[in-house]
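Count the sequence shown with the working numbering and you get residues 2 to 1083, in order.
Beta carbons are placed, not taken as given, at the ideal position from N, Cα and C, and that holds for glycine.
Note that the structure is predicted; figures quoted are calculated from it, not measured.
Following: one structure in structure tokens, then a few remarks.
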Amino acid sequence: MISKYSHILITKQRKTKLVVEVSGLSRYALSLSAVELAAMALSLDKEAFYRRVRRLYNNWQKGDYELKTVDAFVVSVGENEGTVYSKSTALQTWLFGYELTDTLLVICETNFFLLSSKKKVDFLRPLATSKGNENVDSVPPFMLLVREKGSDNQTNFEKLLDGIKASKGGVSIGVFAKDSYAGSFCSSWKQALDKHNFKKVDVSNALALTMVVKEEDELAQVKKAAAITSAVFTKYVKEQVLSLVDDNKKISHDSLADGIEKAIEDGKYLAGADPSMAEMCYPPIVQSGPNCVFKYSAVSDKNLLHFGTIICAFGIRFNSYCSNLVRTFMVDPTPKMQENYTFLLSVHEELLQMLTPGKKLCDIHQATMSFVTKTRGDLMDLFSKNLGFAMGIEFRESSLIINSKNQNVVKKNMVFNLNIGLSNVPNKASQSNQDKAYSIFIGDTVQVNEDGPATVLIDAKKKVKNVGIFLKSEEEMDDEDEEDENDAEHLLGRAGKTANLLSERTRNEMTAVEKRKDHQKELSHQLNEEARIRLTKQAGNAQPTQLCKSNVSYKDLDQMPKDPEIHAQKIFIDKKYETVILPIFGIATPFHISTIKNISMSVEGDYTYLRLNFFCPGNAMGRQEGQVFMNPDATFVKEMTYRASTLKNPEDIGIPAINLQNSFRIIKEVQKRYKTREAEEKEKEGIVKQATLLLNTNRTSPKIKDLYIRPNISQKRLQGSLEAHINGFRFTSSRGDKVDLLYNNIKLAIFQPCDGEMIIVLHFHLKNAIMFDKKRHIDVQFYTEVGEMTTDLAKRQHLHDRDDLYAEQVERELRHKLKMAFKHFTEKVENLSREALEFETPFRDLGFQGAPFRSTAFLQPTSSALVNVTEWPPFMITLDDVEFIHFERVQFHLKNFDMVIVHKDYHQKVVMVNAIPSTSLDAIKEWLNSCDIKYTEGIQSLNWTKIMKTITSDPENFFEQGGWSFLDPESDGSDHEDGMDSDEMDEDETYQPSESASQDSEDSDEEYSSGKEESESESGTDVSLGSQEESGKDWDELEEEALTADKEKNAEDEISSRSHDLALRKRKHAGGGSQNKRPRRR
């Protein structure tokens, strides 16, 4: 190229890369034109230069490693003839950020010389003008010398040689013995140097140990390189291998390796990085079959890919810093192969635990080999000998290999490539020669932390389920397809192609339905058997009866107050002991505030009436109270009424009714305070004490900002940040509130993207509830909004409004950005937790509408649950806790049906999901069948409260009479449902779910019913005085009695109608029968 930018030369290096050289200043493979490149300003990091020079001089002064015998350092770099890695160019990159060809660097005790061309010297001149720079303390001046054109540079060489002689003893020089560069400049310098017979000392290891501890900006480059490597593996390599296996397509190893190398040229595989900044650390390696080589110098051959174990190894270098990844795909692995692979993962975890600062590499190697010998001694001879090496600007640091002889010590912020493998493991189950032996090889880029195990920087997962490819046998499916085609052709002939396709499709659909029914029959037998065994074991563990709490007002008579109101036969409230002292027949009688059910006051004529109702056997206790009194045979006071005149007598100091009015007000206050305290204590019951959160002191902890938490910490919505630490999360609000979630207490973690939603959510369903804001919570959620939650309807909108189009584009970009940020956060958390915590994403395509609470919500399955985390309260059903599912009101003329979820814990209340569209029924059945969950259906709604009560009272009788088969519409009449007759159905018994279930339902209704009970208890001032029999009942009791009466009537009608229908059916089919058989429930 000839232009005013003629000093820019573009030359080819290797095969697929263009390297831009600015007068020998090479750096990146850029996709920009030469003109665009010249317009860009190359920058120098002056702070980093002096910081690293100071580190180099400090190590030299201390005499670390081989540096104590060196008087000066000489680093020469000649013409670049394709050398990828060398200590000389690594040192230049570490100091300047660039590789400088035809440049000589001489480091002396009191001077720091650099000899190069005029353009390079002008580029580096800002580093020499260091006056006033705080980083130049204890660093010699940086002297720049310009090469002489058309001469042999003897004048400059003499200055450099004089500097070497004046440095310390001037006898020995440190060089990189393995580095050798061609070119006239380097040859002239070598000849001048050899004339003085300096003693040459190889300082490769010493300077490598100086550069190997990474700074924060270097770690950022390594992490970016690791992120690109992970993205290329996940988005390209894994998809390519899966596609090849699915299509049974064979290609050569080198073809797949070439595809990996070309993938970095495509920006979509680079995790948003600039393709010009990325290059391969080495040619990708693809191996399969026996005799795999665990070396990074191996070459991908032209043999065809074998679908056994497929080893893929490659590394990407970003901005001169390297990363590496090795994964082994296993196609239809045998159980023994999976066992060996899982063992290799355990060794990898053990190695991460041992890679901590202060340990020698040889000790880490010995401890790892001891772990292998102790755990699987039979694999010791097949285990890889070297466990990895340090890396950075150079891919492989030969002085820091993890082997049995290396005495070097691990330091914080070192970066290692850990690689372990099993070579040529015999496969006795194989019949072919290619599968007689297999190899497994895994590798990761990791960072050494100050405390705790090393951190894996590669996000690509490596569990068996992530790299195993399990193929389903298609022989039976192919046979069925051929039979269907032959039958259709025989019946319809070639002329009926359209009818043939329709018939074939119908036949296939019927086959799928029949398969589903057969599977459900198997699940039905399995369900009854497992439930029988489980309930039989639980029969001896009877639940303790909940007793009403007994509060004693005064333990001693001396504690009774001596106030004059008590001697005056007036009502007195002792706030200290929360006791109401009532005069009864002239005797002051104390009643604790917990014994008072409600209190009311009314005015009739000239008198004020104060009525107190007490808790006693026979009255409804309410949801929050016990159901059994500790001493039910004692004598109880049901109610008491006091009357006082509202007229003032001449001899009275005040109006007599004032005492009743004050008592009413104070009792209300004390009662409210007592109930609040009791509610707080009840919230704390059953709370499991959590372990302490171990904070990660590194700045590399995964963190995401600008999140909201649900439920709210305070009345107002507060933003905050969620940060992942060693053993859990910590959410910190903008005002300093903290909420900790430990990994081992998370039962289910869900990441719901913003696809089709207005919020993006991280939801955690906990094993044990935690307390914050004085309440217990089993579900905690963090979310952020990705769009406008409201729309201005008054605004005029046009289809092609530029502002609206721009706003939509901005929102799409914001959604994508947030989605990727949350996804990267979840991947980092999974790596940080050693995959003990895995996030599940809902399958939106399998979702359906339903009403689990008061409003319709979109329910979505995940891998192990059925959830809705968009609305609050959330709906969360884990599939492991589900016994079976029953569909109610399934009829052709109805547009909706209901779904009943029965838990394996029969004491837990069943979950109802109402108003599900009938069009979703088949999809739900298919999903449940794939999850091995039994389902049934019926046309009527059942009384599940009494059904579960009957089962838990006598489980043996229930399963002897058929168990859950009464719900199956295809079961015969001998399979009896639940052992309940009409007499039992008429009993006025209520099913009491377990405490956790009732509390969950109360929590979900809390925000809708807050204040309701309070208002009801406050509204008793106008209650009239009736008879003694009716005066003790309030509106809550009357309403419960009415509901009970309605349920009894509905149950009687249901039983009578079913008995009548069953009798008619039996007479029709069997001509009569035994009248002692109980009706079969649908």
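Check the Cα spacing between G175 and each of C109, V300, M355, F186: the tightest is with C109. Buried is the label assigned to M331, since at least 16 other Cβ atoms lie within 10 Å of its Cβ. Using a 10 angstroms sphere on the CB of V233, the tally of other CB atoms reaches 16 or more, which defines it as buried. Under the DSSP assignment, N930 falls in the alpha helix (DSSP H) whose first and last residues are 922-931. The alpha-carbon separation between A438 and A430 amounts to approximately 10 Å. In terms of Cβ geometry, I421 and L388 form a close pair [threshold 7 Å]. Relative to S185, the option among E523, K201, L345, E80 whose CA is nearest is E80. Between the segment 115-125 and the segment 145-157, the count of Cβ pairs shorter than 8 Å is three or higher; the stretches touch. Under the three-state reduction of DSSP, H766 is assigned to strand. Segment contact: the segment 351-362 against the segment 248-259, fewer than three CB-CB distances shorter than 8 Å; contact not assigned. Taking one beta carbon from each stretch, the segment 646-662 and the segment 631-638 have fewer than 3 pairs nearer than 8 Å; the two do not touch. Per DSSP, the continuous beta strand (DSSP E) segment holding V912 begins and ends at 912-918. Collapsing the DSSP output to three states places M759 in coil.
Per DSSP, T211 is not a residue of any beta strand (DSSP E); the alpha helix (DSSP H) it occupies stretches across 205-212. Between N112 and G164, the gap from beta carbon to beta carbon is short of 7 Å. Taking R718 as reference, the option from P291, S735, N425, I567 with the minimal CA-CA separation is S735. Sorting V553, L245, S646 by C-alpha distance to the C-alpha of L472 places L245 at the top. Annotation: the continuous beta strand (DSSP E) that includes V903 extends over 897-904. Burial state of I252 is exposed, judged by a 10 Å Cβ sphere holding fewer than 16 other Cβ atoms.
Using a 10 angstroms sphere on the CB of F442, the tally of other CB atoms reaches 16 or more, which defines it as buried. Counting other Cβ atoms within 10 Å of its Cβ, A837 stays below 16 and is therefore classed as exposed. Per DSSP, V416 is not a residue of any alpha helix (DSSP H); the beta strand (DSSP E) it occupies stretches across 416-427.
Listed as beta-bridge partners of F143 by DSSP are F113. A contact is defined here as three or more CB-CB pairs under 8 Å, and the segment 316-327 fails this definition with respect to the segment 340-347.
The beta carbon of G964 sits closer than 6 Å to those of N529, all from its chain and outside the five residues before and after it, given in chain order. By the neighbour-count criterion, in which a residue is buried when 16 or more other Cβ atoms sit within 10 angstroms of its Cβ, N154 is buried. A distance below 8 Å between beta-carbons, with the five flanking residues on each side excluded, links Y608 to the following residues of its chain, in chain order: R644, A645, S646, T647, A658. 7 Å or more divides the Cβ of R813 from the Cβ of V787. Counting the other CB atoms within 10 Å of its CB gives D774 a total below 16, which places it among the exposed residues.
For H766, the closest alpha carbon among the candidates Q753, L749, C755 is that of L749. Contact check for Y907 against I940 fails: the beta carbons are separated by 7 Å or more. By the neighbour-count criterion, in which a residue is buried when 16 or more other Cβ atoms sit within 10 angstroms of its Cβ, C932 is exposed. Of the candidates I654, F730, R666, the residue whose Cα lies closest to the Cα of I600 is R666. The alpha-carbon separation between K466 and F74 amounts to approximately 52 Å. In this structure, DSSP gives F177 a state outside helix and strand, which the three-state scheme calls coil.
In the DSSP assignment, T329 falls within the beta strand (DSSP E) that extends over 326-332.
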